[in-house]
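Here's the structure, in structure tokens; my notes come after.
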Amino acid sequence: MKILGIESSCDETAASVVEDGRVLLSNVVHSQIDIHTVYGGVVPEVAARSHIEMINPVIDRALTDASLTWDDIDAIAVTYAPGLIGSLLVGTLAARTLALTKNKPLYPVHHVEGHVYANFITEQRNGLSLQLPSEQPKFPMLALIVSGGHSQLVLFHDHGNFELLGQTQDDAVGEAFDKVAKILGLSYPGGPSIAKAAENGNPKAYHLPKAHMQGAYDFSFSGLKTAVLRAVQAEVGVDTDFPSHELAGRLNDAQRADFAASFQNIAVETLVDKAEKAFQDYAPASVVIAGGVAASAELRRQLSARLPIKIEYAPMSLCTDNAAMIATLGYYYAQKMQPTSPFDVEVIPSLSMTKTAWAK
Ligand code: KG4
Ligand code: ZN
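For the sequence shown, my numbering puts the final residue at 1130, and the numbers step up evenly by one.
Below, the structure is given as structure tokens:
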């Protein structure tokens, strides 16, 4: 069964074809990062306008790259939640129109749950050469989902059957990377730029606090972000009234690298502490990480060092937003669910994956 996936929830316009929920046939991602970098973050109206321009060419390209025509496509899967409303509308409208005109079943899927399914892609064709896991994860599967909007630990008993063990009580970890990057004068998105700066830094240079939470698997990252701000102010010798956008100009490269390394180390350690606790308590058959922050080499290093299980990681390009993960998840929805009428698909900007139609 070949599924065309469409993703446009934030600032990537993406389309992909995946066969049987495991074989990647094409993967097209048009990133808007260049457009948003000048603003230091995603501007919703600008994102929606760019999606409108790119959605049709990106979908056409996904079919061409897969050497397929519409006759070969069995169903369409599209992200309907969560995300920026204008961005979600472009992808879902394209998917609804195509489902009607090409007469294909349509499966609206959840973006965050989709991130987890990047880990189910184990084969590829058509000249793609990603470093893929050697086998699919097994259930029960512990998923650490870490992105710009989410930080959560989810235990999957099966496809569509999962429980939320814990989540962030304030900022998402990716959001913390982005905000700390801004404080340090590093470019957007913060994850990769902090990782790069941290290469030359000492992770023990600054003492930053770890949040202690009520819930055993819950996270908090807003205190850490503030701690970095206070430490930078102290380091450059200004008080809290000093404009924070001018702080970075007072840091030299060595200080910037040390702050990046110290922050990255604690943020990752916090994630791994909770994942380790969940691993001990639930003894899952596999552990996966998902979402943009799963691209972090430091997270992979610490997780593999501390968890007594072999962890296979999805390639970096399938960790950040893409449509291959959406097409893959769409396949499993199609095994268990009736398609949704194209007239009934609505976008939901804010929705927990535990509230999806198929979540048990
Ligand atoms: O999943 P994603 O592409 O978009 C959302 O659905 O949020 O995640 C984007 C987030 C950004 O906050 C970005 O800073 C972070 O993922 N990120 C990273 C890395 N690459 C991207 N964080 C840490 N280390 C990285 N290498
Ligand atoms: Zn995402």
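For each residue, glycine too, the CB sits at the ideal point set by N, CA and C.
Rounded separation between residue i and residue j - CA only
| i | j | result |
| --- | --- | --- |
| residue 901 | residue 1063 | 18 Å |
| residue 822 | residue 864 | 9 Å |
| residue 866 | residue 1119 | 17 Å |
| residue 959 | residue 880 | 23 Å |
| residue 1086 | residue 1065 | 5 Å |
| residue 1001 | residue 1092 | 36 Å |
| residue 1021 | residue 1090 | 30 Å |
| residue 782 | residue 1077 | 32 Å |
| residue 846 | residue 857 | 18 Å |
| residue 932 | residue 1043 | 21 Å |
| residue 963 | residue 927 | 36 Å |
| residue 909 | residue 1056 | 7 Å |
| residue 1038 | residue 840 | 43 Å |
| residue 1068 | residue 970 | 14 Å |
| residue 994 | residue 831 | 42 Å |
| residue 1122 | residue 852 | 8 Å |
| residue 861 | residue 777 | 6 Å |
Extent of the continuous beta strand (DSSP E) to which residue i belongs
| i | result |
| --- | --- |
| residue 931 | 931-937 |
| residue 789 | 782-789 |
| residue 922 | 921-928 |
| residue 1095 | No beta strand (DSSP E) holds residue 1095; the alpha helix (DSSP H) holding it covers 1094-1106. |
| residue 1137 | Because the chain in this structure spans residues 771 to 1130, residue 1137 falls outside the shown range and cannot be described. |
| residue 880 | 876-880 |
| residue 1052 | That residue, residue 1052, is in no beta strand (DSSP E); its alpha helix (DSSP H) goes 1023-1052. |
| residue 777 | 772-777 |
| residue 914 | 911-916 |
Local Cβ density within 10 Å of residue i, reported as buried at 16 or more and exposed below that
| i | result |
| --- | --- |
| residue 1016 | exposed |
| residue 1026 | buried |
| residue 1117 | buried |
| residue 1105 | exposed |
| residue 1108 | exposed |
| residue 920 | buried |
| residue 1023 | exposed |
| residue 1075 | exposed |
| residue 1083 | buried |
| residue 1050 | exposed |
| residue 834 | exposed |
| residue 1079 | exposed |
| residue 965 | buried |
| residue 1053 | exposed |
| residue 809 | exposed |
| residue 815 | exposed |
| residue 874 | buried |
| residue 984 | exposed |
Element boundaries [alpha helix (DSSP H), containing residue i]
| i | result |
| --- | --- |
| residue 804 | 803-807 |
| residue 992 | 992-1006 |
| residue 1063 | Note, residue 1063: premise wrong, no alpha helix (DSSP H); not H, not E. |
| residue 863 | 855-871 |
| residue 849 | First-last for residue 849: 845-851, but that is the beta strand (DSSP E), not the alpha helix (DSSP H). |
| residue 835 | 814-835 |
| residue 948 | 943-954 |
| residue 891 | Counting along the chain, residue 891 falls outside any alpha helix (DSSP H), and DSSP gives it neither H nor E. |
| residue 961 | 960-968 |
| residue 983 | Looking at the DSSP string, residue 983 is not in any alpha helix (DSSP H), and its letter there is neither H nor E. |
| residue 1087 | 1086-1089 |
CB contact check: residue i to chain D, cutoff 9 Å
| i | result |
| --- | --- |
| residue 789 | Absence of chain D from the displayed structure is noted, only one protein chain being present. |
Residues of its chain near residue i, where Cβ-Cβ distance is below 6 Å and the 5 sequence neighbours each way are ignored
| i | result |
| --- | --- |
| residue 1045 | 914 |
| residue 895 | 795 |
| residue 750 | No answer is possible for residue 750: it lies beyond the span of the chain, which begins at 771 and ends at 1130. |
| residue 982 | none |
| residue 937 | 922 |
Own chain partners of residue i with C-beta closer than 8 Å, once the 5 adjacent residues on each side are dropped
| i | result |
| --- | --- |
| residue 1113 | 866 |
Beta-carbon proximity list for residue i, same chain, < 7 Å, skipping 5 on both sides
| i | result |
| --- | --- |
| residue 775 | 785, 786, 788, 847, 1093, 1094, 1096, 1097, 1100 |
| residue 935 | 923, 924, 925, 987, 1048 |
| residue 837 | 896 |
Inset, instruction - List in chain order the residues whose CB is within less than 6 Å of at least one heavy atom of ligand 2. - result: 881, 885, 917, 1061, 1062, 1091
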